[in-house]
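Chains A and B, in that order, give the protein sequences. So for the first sequence, the numbering used here puts the first residue at 1; every next one is plus one. So for the second sequence, the numbering used here puts the first residue at 310; every next one is plus one. One structure is given here, and the rest of the page talks about it.
There are 2 protein chains.
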Amino acid sequence: MPPPGSASGPGAAVITDPAELRRSSDHARAGAMTVGLVPTMGALHAGHRSLIRRARAECDRVAVSIFVNPTQFGPGEDYQRYPRAFAADLTLCAEEDVDLVYAPSVETMYPDGFATRVRVTGPVTETLEGAFRPGHFEGVATVVAKLLSAARPDRAYFGQKDAQQCALIRRLVCDLDLGTEIVVCPTVRDPDGLAISSRNAYLSPEARRQALAIPRGLAAACAAYRRGERAATTLIHFAAERLADSPDLVVDYIAAVDADTFESVGSLNDRCEITIAARIFGTRLIDGVVPGAEEGLAVGDRGVDPSGP
Amino acid sequence: MPPPGSASGPGAAVITDPAELRRSSDHARAGAMTVGLVPTMGALHAGHRSLIRRARAECDRVAVSIFVNPTQFGPGEDYQRYPRAFAADLTLCAEEDVDLVYAPSVETMYPDGFATRVRVTGPVTETLEGAFRPGHFEGVATVVAKLLSAARPDRAYFGQKDAQQCALIRRLVCDLDLGTEIVVCPTVRDPDGLAISSRNAYLSPEARRQALAIPRGLAAACAAYRRGERAATTLIHFAAERLADSPDLVVDYIAAVDADTFESVGSLNDRCEITIAARIFGTRLIDGVVPGAEEGLAVGDRGVDPSGP
């Protein structure tokens, strides 16, 4: 385990055992302190930092979990090459005054004889990402159930970029009586509009240039929504026009869905999401906006030109 | 909600909301008190009473959950006619100084849109009861995950009679990092040897007379084990001889299994279980013993004649 590299303090305590995590939370709660958990797969970036800052502002104790969960990667996906940067992650956690880093091993999370799976059924896990990544959401639901059971946080923080995952987790927490408030934080974007993701590290300059069609497509749909357009087919059409500007972009889907259930909608309201998944030179990116919410507007407000390149 | 009928005190507080249950446990733990949970489907009998007494002896606060869980009954099983006796249950809880009764409604446990299932895979859920009652163990795993998530007990108490369920729950709690110690308590038997079960209420005198072949079969196997016999086929043969004494008994299975994994064994050791499921005039009964444990011996020690009727 690399030592915490800390620029601003002693650094967060690093623990690897779920029982220790539980004791820490129980201790905090016994002192009438609230506990916030930011579940991550490490390779922390500005998106994670925004989650941690929100947790820091809202909770007395902040824990960050760092675990690259093998069960949410499919065969042929990027589990092996997924970015890992534990020392830098600890530095970021120290900078943000995180109290605790929970970094269990794969053997701790999935010991010999492990046999339990948590599955959320219905459109929220079966459409879109669920259809393109079989088994992915079962892996997510199981690991999140484990993390929330061990940490017992008052609140847990997730990024809106993974909107379908957020909807799944809200359902899971409600259904299993986990008692954690799920806080969904706005997607953080680079100045060029690309949603920040650990997987952006895979992009060549050319891949990145073409990938910008994704936020531009979303911005075009948002602009149309602001002009009063509500028909899903029309909004999807505006987004698709922008995606077509990038010849090497392979679109898995563009969809307009209810943000809670992820069922397709014909006409959007302020609780609907437009979501895109696309591959560029082998890297798969997802992004989305809620055009009726502030976050949806932000795509256009941060310098992305909805009229395209 | 019937009022608590109490012979010995003010009676347990009855709550119906998982958030209230969680607050109660957090409050206890904040005061350095331990919490014990006895999950039941109500119709409380001497077996439940023994679980409650064990919890009362070991924990500062004792909660009993009463919930007839529809998702662990298959189509054509006895969900509708399963015995319900809430007022008498509250009396028993008051007699045993239970602090809290958690009695949620079906709508609270499974609200509109409920979509989450917890599944434990492998022999522990796929053989024996798992094979004869498809979906049963998924219902059990899901409701137990919910109850433990809401109650967050230090310990939860289950009866050895449902040995496969106990093995499943131990696996579940380990895998999901639920942090509860699972305490398995010896099967309680009536003086004639029949394991106490809410379903015994369905038995006519003749059905009950024939059902006694089940504990007699287990006692015969235990007696042979004590004499040094370890071969599964031989021990099963001794049990089967006794079952054959009851002409209307329909045997679903007699099996010798590892008590943790429920995998079949050829030769028994002290961690192995002999388990029987059989139907008599439409009522399905299960029973089992660990011949190498004290509990296994108890079958013969309580007046059951291993030589048969």
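Beta carbons: idealized from backbone N, C-alpha and C, even for Gly. Quick caveat: nothing in here was measured; it's all calculated off a predicted structure.
Partners in chain B for A/ARG155, counting only beta-carbon separations shorter than 9 angstroms
Under the 9 angstroms cutoff, chain B gives no residues; its nearest Cβ is about 14 angstroms from A/ARG155.
Which whole-angstrom value describes the C-beta separation of B/ALA339 and A/ARG22, a residue pair presumed to lie in contact below a C-beta threshold of 8 angstroms?
Incorrect: roughly 14 angstroms between the Cβ atoms, too far for contact.
Closer than 7 angstroms, Cβ to Cβ, to anything on chain B: give me those residues from the stretch 14-28 of chain A, in chain order.
PRO18, ALA19, ARG22, ASP26
Three-state secondary structure assigned by DSSP to A/THR180
coil
For the alpha helix (DSSP H) containing A/ALA28, list its first residue and its last residue.
18-30
Where does B/GLY444 fall in DSSP's three states?
coil
Using Cβ-Cβ distances below 7 angstroms, what residues of the stretch 181-208 of chain A are close to chain B?
none
Any beta-carbon of chain A closer than 8 angstroms to the one on B/PHE446?
no
Proximal residues, the stretch 273-285 of chain A versus chain B, C-beta separation under 7 angstroms
none
Suppose the cutoff is 6 angstroms on Cβ atoms and the five residues either side in sequence are ignored; what does the same chain contact list for A/PRO3 look like?
A caution first: A/PRO3 carries a pLDDT of 43, below 50, which makes its placement in the model too unreliable to give a value.
Throw me the rounded Cβ distance for the B/SER573 and B/ALA564 pair, which I believe falls under 8 angstroms.
6 angstroms
Selection of the stretch 523-553 of chain B by Cβ proximity to chain A, strictly under 7 angstroms
none
List, in order along the chain, the chain A residues whose C-beta lies closer than 9 angstroms to that of B/THR430?
ALA115, THR116, ARG117
Assuming A/ARG155 and A/GLU181 make a contact with CB atoms under 8 angstroms, what is their CB distance in whole Å?
5 angstroms
In chain order, what residues of the same chain lie with their CB nearer than 6 angstroms to the CB of B/THR434, ignoring the 5 residues before and after it?
PHE446, LEU477
Could you tell me whether the Cβ of B/ARG480 comes closer than 8 angstroms to any Cβ of chain A?
yes
By how many angstroms is the C-alpha of A/TYR253 removed from the C-alpha of A/ALA239?
11 angstroms
What does A/LYS146 reach in chain B if we use C-beta pairs closer than 8 angstroms?
ASP484, LEU485, ASP486
With 8 angstroms as the threshold, decide whether the Cβ of A/ALA46 is near any Cβ in chain B.
no
In chain B, what lies closer than 8 angstroms to A/ALA311 by C-beta?
Nothing about residue 311 of chain A can be read from this structure; chain A reaches only from 1 to 309.
Would you check if the distance between the CB atom of A/ILE274 and the CB atom of A/ALA224 is smaller than 8 angstroms?
no
Under the three-state DSSP convention, the category A/ILE196 falls into:
coil
Under the three-state reduction of DSSP, which class applies to A/GLY122: helix, strand or coil?
coil
I want to verify the contact list: residues of chain B whose CB lies under 8 angstroms from the CB of A/VAL250, in sequence order.
The contacting residues do not exist; A/VAL250 stays about 31 angstroms from chain B at best.
Going by DSSP in three states, B/PRO514 sits in which element: helix, strand or coil?
helix
Mind checking if A/ALA55 is an interface residue toward chain B, Cβ cutoff 8 angstroms exclusive?
no
What in chain B is Cβ-close to A/VAL310, meaning under 8 angstroms?
This structure gives no information on residue 310 of chain A, because the portion of chain A shown stretches from 1 to 309.
With a cut-off of 8 angstroms, does the C-beta of B/ALA412 fall near any C-beta of chain A?
no
Can at least three beta-carbon pairs, one atom from the stretch 449-458 of chain B and one from the stretch 578-592 of chain B, be found at a separation below 8 angstroms?
no
Does any C-beta atom of chain A lie closer than 8 angstroms to the C-beta of B/ALA372?
no
In chain order, which alpha helix (DSSP H) runs of at least 4 residues are fully inside the stretch 338-400 of chain B?
355-367
Measuring CB atoms only, is the stretch 52-60 of chain A touching the stretch 344-363 of chain B, in the sense that at least three cross pairs come out at less than 8 angstroms?
no
Along chain A, which residues have their Cβ under 7 angstroms away from the Cβ of B/ALA339?
ARG29, ALA30
Spatial distance of A/VAL144 from A/ASP270 (CA atoms)
28 angstroms
Assuming A/VAL289 is part of the beta strand (DSSP E), what are its boundary residues?
283-289
Since I believe B/THR349 is in contact with B/HIS357 (beta carbons under 8 angstroms), could you give me their beta-carbon distance rounded to a whole number of angstroms?
5 angstroms
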